[in-house]
Structures are given as structure tokens and as C-alpha cells.
Amino acid sequence: MNTPPEHGTVQIDGVPRPALIFPLTLDGLRRKRLGQAIWFVPLIAFAVIYVILLIRIGTRTDATSNVLRIFVLAMEGLFIAIAVWLIRGWRKPGFVALLREGVYSRSGIGPVLVPWETITKAGMHRFAGVVSLALRTNTTPRHAPFWMRANRPVQRRLTGWDFSYPLVVIRGSAEFERLVHSCLADPAERARIAGM
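Letter by letter, the sequence shown follows residues 1 to 196 in the numbering used here.
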């Protein structure tokens, strides 16, 4: 999957920025549809169980039933949110882009911009058999979903890195890896990103 990156723009805070875009694809994964379908089986089973519980406790009016009813409704909402997230990730995998400002990614977990100035180290990393380009930073990015503040320390403790980009799902992964390393080694290379 060493296809060249696409030249384009990405919107960050409503401002279009020139970028080299590397689309994410599930083509490099073996049994990808099976893996995604496996997530749906427990979700559907739990959803059915919770609907049955909701029907059972729906006719009772004691305090325990009221607490259980709230719990069941909250869990139904959680399962629906997870199912929507899985379907979105299945239909539209996202992309990773190199900007003058940093490495920007948009995927199922949301958009994340990792500025070049915050990256302290880059290297190859293998986790669960997947080879990734990993980045260590000195701060949590500003342009990131709120859960990144909790995820970043957990990921650093588990893997030793703050952010990782699985190369098997990035189209043009060899070029992506080469450009990230060259932009970190030579800040002048970052200014040439839009013109490449």
C-alpha cells in the first residue's frame, strides 16, 4: 500500500489548511469484516438482555426497579452509541494528514492535531502484532477530543508512546513514515509539505 499521498486541504476550526493526505483503509487487515462483526454479536446480545430487563422492571414501581430502570436505559444508550461508532468506523475509516503545523488525523475516535513542536520522539512500535509509527509528545494536543486527556497517559503507560499510527491501514505508509521523520529532523521540511 505504498500509493502516493493526496494533495488537499483539511478543515481545522473552520480554517482550510493545505495538507498531504494519507487515507486510512482496512484493505491491509486480514479478516477485518469478521473482526468488526464480532463486536456486534455481544452488543446485540446485551441490547436484547437490557430490553428484556427493561420490560420486566417496567411494570414494577418499587425503588429498586426505578434504579434498575435508569441503569438499563443508560446502558441501552451506551450500546447504541458504540454501535453507531462501529458503523461509522466501518463505513468511513478516515485519514492521516501532514500539515505545516503537525500531524493531523481524523478517525472514529475523532480529530487530533499533534503539533510538530510538541513531538519529542518518533519511532517504530509493535503492539498486538501491528507495526505502527509512534510519537511521544510533551503535552496533550489542543485539537483533540476530551477523552484524549485520559487516553494519552494510559497509552504511554501501556506502549511507551502517546500516539501511534498503524502503518498497515495507512495508504502510502512508507512515504508517511519517511516524511514524518524528515519533518522532525529538519523543520524547514515542514514548510514544503503543501508543495510536495
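Glycine included, every Cβ here is placed at the ideal spot set by N, Cα and C.
Legend entry - CB-CB length for L133 against Y165, believed under 8 Å: 5 Å
Inset, instruction - Please say whether V168 and V131 have beta carbons closer to each other than 8 Å? - result: yes
Legend entry - Per DSSP, the bridge partner or partners of G123: A134
Legend entry - Environment of W161 [buried if 16+ CB atoms lie within 10 Å]: buried
Inset, instruction - Could you tell me which residues DSSP pairs with H7 in its beta bridges? - result: L20
Legend entry - Neighbourhood of F46 by C-beta distance below 8 Å, restricted to the same chain and skipping five residues each side: M75, F79
Inset, instruction - Could you tell me the boundaries of the beta strand (DSSP E) in which V114 lies? - result: 110–115
Inset, instruction - Leaving aside the five residues before and after C183 along the sequence, list all residues of the same chain whose C-beta is less than 8 Å from its C-beta, in chain order. - result: L98, W116, E189, R190, I193
Inset, instruction - Reducing DSSP to helix, strand and coil, say where G58 ends up. - result: helix
Inset, instruction - Measure the beta-carbon distance from A83 to L43 and round it to whole angstroms, keeping in mind my assumption that it falls under 8 Å. - result: 6 Å
Inset, instruction - Leaving out five residues on either side along the sequence, give the residues of the same chain with a beta carbon under 7 Å from the beta carbon of R171. - result: M1, T3, F22, P23, T25
Legend entry - Cα-Cα separation, L54 to R69: 6 Å
Legend entry - Straight-line Cα distance separating L20 from A174: 14 Å
Inset, instruction - Could you round the C-beta distance between G94 and P145 to whole angstroms and report it? I think they count as a contact, below 8 Å. - result: 13 Å between Cβ atoms; not a contact.
Legend entry - Nearest-angstrom Cβ-Cβ length linking H143 and V96, presumed shorter than 8 Å: The pair is not a contact, with the Cβ atoms about 14 Å apart (cut-off 8 Å).
Inset, instruction - Compare the beta carbon distance of Y50 and V15 with 8 Å and say whether it is the shorter of the two. - result: no
Inset, instruction - Given a cut-off of 8 Å, decide if V114 and F176 are closer than it, judged by their beta-carbon atoms. - result: no
Inset, instruction - Let me know if G102 comes out buried or exposed under the rule of 16 or more other beta-carbons within 10 Å of its beta-carbon. - result: buried
Inset, instruction - Give the secondary structure of F146 by DSSP, where H, G and I count as helix, E and B as strand, and everything else as coil. - result: coil
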